[in-house]
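Colleague: As they're listed, the protein sequences go chains C and E.
End of the first sequence = 1079 in this note's numbering, gap-free, step of one.
End of the second sequence = 10103 in this note's numbering, gap-free, step of one.
All C-beta atoms in this analysis are idealised placements derived from N, C-alpha and C, irrespective of residue type, glycine included.
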Amino acid sequence: MISFTLNGQEVQGEEGQYILEIAEQNSVEIPTLCHHKALEPAGMCRLCVVEVFDGRRTRFVTACNYPIWEGMDVKTDTEAVHQGRKLIVELLLARCPTVPVIQELAAKYDIKQPRFRPEADDCILCGLCTRICDKMGNNAISLTGRGVDMKVDTPFHVQTDVCIACGACAFVCPTGHIKLEGITRHALKQIPYEYNEGLIGRKPIYIPYAQAIPNAPAIDRSMCVHFKTGACKICADICPANAIDHNQQDEIVELEVGSIILTPGFKPFDPSSLQEFYHHNRNPNVLTSLEFERILSTSGPTTGHLVRPWDQAEPKKIAWLQCIGSRDIHRCGNGYCSSVCCMYAIKQAIVAKEHAHGELDCVIFNMDIRTFGKDYEKYYSRAREQEGVRFVKTRVHAIEEENEKKDLWIRYVEESGEVREEIFDMVILSLGFVIPESTVKLAERLGVKLNHYNFAVTEPFTPIETSRDGIYACGVFQSPKDIPSSVTEASAAACAAGGRLAEARGTRTKREEIPDEIDVTDQPPRIGVFVCSCGVNIAGVVDVEAVAAYAANLPSVVYTAYNLFTCSQDSQELMKEAVKAHQLNRVVVAACSPKTHEGIFMDNLKSCGLNKYLFEMANIRNQNSWVHGDTPEVATEKAKELIRMAVARAATLQQLSEKRIPVIQRALIVGGGVAGMNAALGLADQGFEVVVVEKEENLGGLANNLTTTIDGSDVRVYLRGLIEKVTSHPEIQVLTRSLIVGFSGFKGNFTTEVLVGPGMYERKIDHGVVILATGANEYQPKEYLYGKDPKVMTQMELAERLENNGADDLNHVVMIQCVGSRNEEYPNCSRVCCQAAVKNALHIKRLKPDADICILHRDIRTYGLLEDYYTEARQLGIYFVWYDPDDPPVVESSDNGVIVNFQNHDLGYRVRMVCDILTLSAGMQAQDTEELASIIKLDRSPEGFFNEAHVKLRPVDMSTEGIFVCGTAHGPKLLSESISQAYAAASRATTFLSRSYLTLSAVTARVEAEKCAACLVCVRSCPYNVPKINADGVSEIDPALCHGCGVCTAECPAKAIELNWYEDDQIMCKVEALLEGVL
Amino acid sequence: MPCTGKVDVLHILRSFEKGADGVCVVGCLEGDCHYNSGNLRARKRVEQTQKILETIGIGGERVQMYNLSSAEGPRFARIAAEMVEKILELGPNPIKRAKETAA
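Structure (structure tokens):
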């Protein structure tokens, strides 16, 4: 350790350090232009000159490369030093009069005009570029020439191959003199930032995106200079945690597993093969849908400002072209529908309109709008009717660049047959899904069969099983689908995979030893405050040491520490020791966000024997150092205030006990259709007991009326086998002709009262979870002479008729789509009717090839792989004619058959067809579940389908924990989709049933009975219907049901309810601590 | 706070009582509440608090509710700046002024 004097202060440093380093550590500012912490100092700019007194005389030295020694006396702010620096700046200003950084320095030293002859250079010969080039292991540039001729140059003054265009020289150059173009012979391009679709660049070391897991930087080996030259390694030198190891190698790890789930996903279609038509990458105003998604995103390259890349102007008119890379067998061979593009295009149009400052005209050019998901049609209607998004039924073959502003010209044919032309500011290509080549290779290695589009081959009744036993597929790899369906299918795959592992469950788990909890109830608070530096994340801005010193003087604080990384293993050990040594009974960590780290610290508290709720965090990183980097002093003050608040709250915290409740390991399934039975098997195969309650006499539900699936699989054979499996399974008990009449309890502990037929005796069933699989019905049409003319029938009736009577007598068949769907009464799409129509039409064609079939539709929604059947139907000569919902077909009976009158928009005149059978594609209607919903308290949509807790994140959970939904009870869907969803519900149910106990959060509301006036405000305001007025006439909140949101506590007029861990005092004391001394 | 639905009129009023010049309540986007509707209730309470503050002469504009998602950092910064500007325009909490005058 070396001690010396710096501006009269005693300071210390290590042998070998330079004055500049010590000055920086002690917040003494010394100007410099040629210093960089990654490089050896060179003393080139001389600006860091300081005065050193060695006991005999005063010398002027450069601080950056003058080593410290014991007893030296350094002065950085004397008049002589100031004059010396001023002269250097004056000389630099004469040399580089136009360089901003020099101009700023000149202003600081009050130099208006240099006394020396001005030159027109912009290089100050600091040598940073040449030194960093050397550090990068390249030596492509060096300082050449002597005296006044000295300059930075390449050998022989020509562009060089030696330069790898890493850009380090330009990055460090303080004046902007270095231009890579003059140095390298390689093409200059930024590294495309994948997260932003390459719209902006990134560094070779980067965090993939803000929410990445793990949220740590990665080094891109293909771009990192070290992996090219073996040099650099600046990151490793700088990383305070020593976390960077350039020698890490890929390793092959062997795992023993019982099942494999394949979720390799997709890549978006690459539109470069269609560049001649759509100009992507040629015209900057043509963006892919994913690129546009980034433009709309607040975390994207324009922070959500809607501007077009060409001129950064806000567009006034945007066109979306649907089905780019989908439903296109001619130009890319992808015959399938990607299923999601219609919805995302509508979403983008609505969001773009929200982001636009003026009028924005959004037009979606489509062949069909396929908003077939639950409630999606309502979104489409909103876009059209309320948001003014225009939808044009046409496929745009090509676009043209209109002018030098890169506007885009589109010529198209309207529904009415009229040719129109429009000019757009931007065109968005709605890209479809493609299975990448790497997945094809993976499937080959695993022996998993792929179909002709490279999606995994699965069967309709085992939709998640691949061709190889024990390997499951879900997500887009299984077939194109959206997020809710992917999440559902993922749960389903987990269930199927888990079924194979049932015996091995829990055999390889390890148990953590946790000491007994110390009772701190009567102890006065002894608070420990741990301030984190988070490497340089916090300490680079906030004076962590000063903050810790401040915290030490706060009330009840008996211990403070500051660590490099409080969350690191060794810091956690130190925390444990501190808790023990200082008998801490409350802990405050001032670091990052509790969202990511609260759990880690709470666990550490537990391992110290402290209750985990005796903990509080102050977020001095995300909400402080990261956002106030420019004002370190203010950030330090803010950190102190945040800690003052946290300490105030910590002192009020009480230990809370988490209730453990046993789980009844039995499931109740309501409904014995295909969904209910599959859910039952999914659970029973894992070894859980299941009770299936069916109100009809027989199992099977709606599937009893089905014959075959569109690919020809026999539903009746399947159903027989399924019923046999369910009824003979030792873990499954089936109650038919049974009605649910009573329900009580909470997750893990429900009791249901059932009236069991035929005797209708009452039974009480205790169970841990509920799966709702009450199914749906085919709509009974009131339209188009249904029920009046025997030749008018529904698709389901037609299927049965074809099965029983064949099609010999059928010469003309007309089908009308969307009967009882997509209208005012029932605004949603019924999802299955388009494929049902195509299925039956193909069946007729197979039985009677010369039959004329005409399908009148509004959009044909054969999503995903079903599109192949639609293509086949058109190839077989089945007519598909679009009708306008405002001008629907008109139907009348006659002796010769049913007469159908409709407008043919392609031909431009009205058509009158006489048909042997008129088939109505009647939609799906929810079963009458009103009573059930009121008994179990279930949320339903206006159409009577059960509402899931969250469309994307919890697609089969109901908002009441422990209750799940599957099949058509959730919304219209195909048989295979019901089966997947049934397995998904079983999977989610397993998360409860596989545990013998549930640990409940202690953050729940509790009522102080004596204050309660039973005013019912809490009963009405609770989003989960938890509070009840009990036998004593006061409100009672069951902690097992409470979600801990605190709404009731804020609404209660008598302030009779408190939320544990967020009691009013615990919140208010923070407000008071923050505002301490303001008044 | 687990949810803006937990924000009590009392919490906001206490802030002003203790000398805050402004209060900003920031919740999830409407329709995206983790607890279904907490943010809608919070908005009503903020509106109610605005009325109280207006009546007692502190000024209703000093408390505002905003809705945004956790991915909207830049918007949050804009909102913070906007709020600061508004409060600077309104000047210090009248209680503070009254105390200073009294002193």
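Could you have a look at residue 366/C and say whether DSSP puts it in helix, strand or coil?
Modeller: strand
Colleague: Could you spell out the range, first to last residue, of the beta strand (DSSP E) harbouring residue 562/C?
Modeller: 557 to 563
Colleague: Within 10 angstroms of the Cβ of residue 1066/C, are there 16 or more other Cβ atoms? Answer buried if so, exposed if not.
Modeller: buried
Colleague: Looking at the unbroken beta strand (DSSP E) that takes in residue 880/C, where does it start and where does it end?
Modeller: 879 to 882
Colleague: With a threshold of 8 Å between beta-carbons, can residue 381/C be considered close to chain E, or not?
Modeller: no
Colleague: The alpha helix (DSSP H) with residue 981/C in it runs from where to where?
Modeller: 975 to 993
Colleague: Kindly indicate if chain D contains any beta-carbon less than 8 Å away from that of residue 1043/C.
Modeller: As a matter of chain content, chain D is missing from the structure shown, whose protein chains are C and E.
Colleague: Helix, strand or coil: how does DSSP classify residue 641/C here?
Modeller: Correct three-state label for residue 641/C: helix.
Colleague: Return the chain-ordered list of same chain residues with a C-beta closer than 6 Å to the C-beta of residue 10082/E, the five sequence neighbours on each side being excluded.
Modeller: none
Colleague: Looking at residue 986/C: is its Cβ nearer than 8 Å to the Cβ of residue 682/C?
Modeller: In contact: residue 986/C and residue 682/C (Cβ atoms closer than 8 Å).
Colleague: Quick check on the burial criterion: 16 or more other C-beta atoms within 10 angstroms. Buried or exposed for residue 813/C?
Modeller: buried
Colleague: Within a Cβ cutoff of 6 Å, which residues of the same chain sit near residue 1/C, ignoring the five residues on either side of it in sequence?
Modeller: The beta carbon of residue 1/C sits closer than 6 Å to those of 12, all from its chain and outside the five residues before and after it, given in chain order.
Colleague: Does the count of Cβ pairs from the region 587 to 594 of chain C and the region 492 to 504 of chain C closer than 8 Å reach three?
Modeller: no
Colleague: Determine whether the beta carbon atoms of residue 1022/C and residue 1003/C lie at a separation below 8 Å.
Modeller: Cβ distance not < 8 Å, so residue 1022/C and residue 1003/C don't count as in contact.
Colleague: State whether the region 487 to 501 of chain C contacts the region 470 to 479 of chain C, with contact taken as three or more CB pairs (one from each stretch) at a distance under 8 Å.
Modeller: yes
Colleague: Could you check where the beta strand (DSSP E) with residue 815/C kicks off and where it finishes?
Modeller: 812 to 819
Colleague: Does the beta-carbon of residue 997/C have 16 or more other beta-carbons within 10 angstroms, so that it is buried, or is it exposed?
Modeller: exposed
Colleague: With a threshold of 16 other CB atoms inside 10 Å of the CB of residue 478/C, please say whether the residue is buried or exposed.
Modeller: When all chains shown are included, residue 478/C counts as buried.
Colleague: Which residues in chain C sit within 7 Å of residue 10005/E, going by Cβ to Cβ distance?
Modeller: 1045, 1046, 1047, 1050
Colleague: Comparing the C-beta of residue 602/C with each C-beta of chain E, is any distance below 8 Å?
Modeller: no
Colleague: Given a limit of 9 Å on CB to CB distance, which residues of the region 10057 to 10070 of chain E reach chain C?
Modeller: 10068, 10069, 10070
Colleague: Under three-state DSSP, which class holds residue 421/C?
Modeller: strand
Colleague: Does residue 634/C get closer than 8 Å to chain E when you measure Cβ to Cβ?
Modeller: So no, residue 634/C is outside the interface.
Colleague: Taking residue 316/C as the reference, which of 308/C, 322/C, 323/C has the closest Cα?
Modeller: 308/C
Colleague: Return the CA-CA distance between residue 288/C and residue 195/C, expressed in angstroms with no decimal places.
Modeller: 14 Å
Colleague: Helix, strand or coil, according to DSSP, for residue 634/C in the structure here?
Modeller: helix
Colleague: Cβ closer than 8 Å: which chain E residues qualify as neighbours of residue 560/C?
Modeller: Result: empty, since nearest Cβ-Cβ is about 26 Å, beyond 8 Å.
Colleague: Got a sec, what are the start and stop residues for the beta strand (DSSP E) residue 662/C sits in?
Modeller: 660 to 662
Colleague: Measure the C-alpha to C-alpha separation of residue 302/C and residue 204/C and round it to an integer number of angstroms.
Modeller: Each residue's Cα considered, the two are about 21 Å apart.
Colleague: Determine the chain E residues that contact residue 796/C at a beta-carbon separation under 8 Å, and present them in chain order.
Modeller: Residue 796/C does not reach chain E, its nearest Cβ partner there being about 36 Å away, counting only Cβ pairs nearer than 8 Å.
Colleague: What is the rounded straight-line gap between the Cα of residue 695/C and the Cα of residue 1030/C?
Modeller: 33 Å
Colleague: Quick one: what does DSSP say residue 169/C is sitting in, helix, strand or coil?
Modeller: helix
Colleague: At what residues does the beta strand (DSSP E) containing residue 278/C begin and finish?
Modeller: Residue 278/C -> not in any beta strand (DSSP E); alpha helix (DSSP H) instead, spanning 275 to 278.
Colleague: Tell me whether the region 769 to 779 of chain C and the region 698 to 712 of chain C touch, counting them as touching only if at least three CB pairs, one residue from each stretch, are closer than 8 Å.
Modeller: yes
Colleague: Compile a chain-ordered list of the residues in the region 10085 to 10100 of chain E whose CB is closer than 9 Å to at least one CB of chain C.
Modeller: 10093, 10095, 10096, 10099
Colleague: What residues in its chain sit with their C-beta under 6 Å from that of residue 277/C, if we drop five residues either side in the sequence?
Modeller: 398
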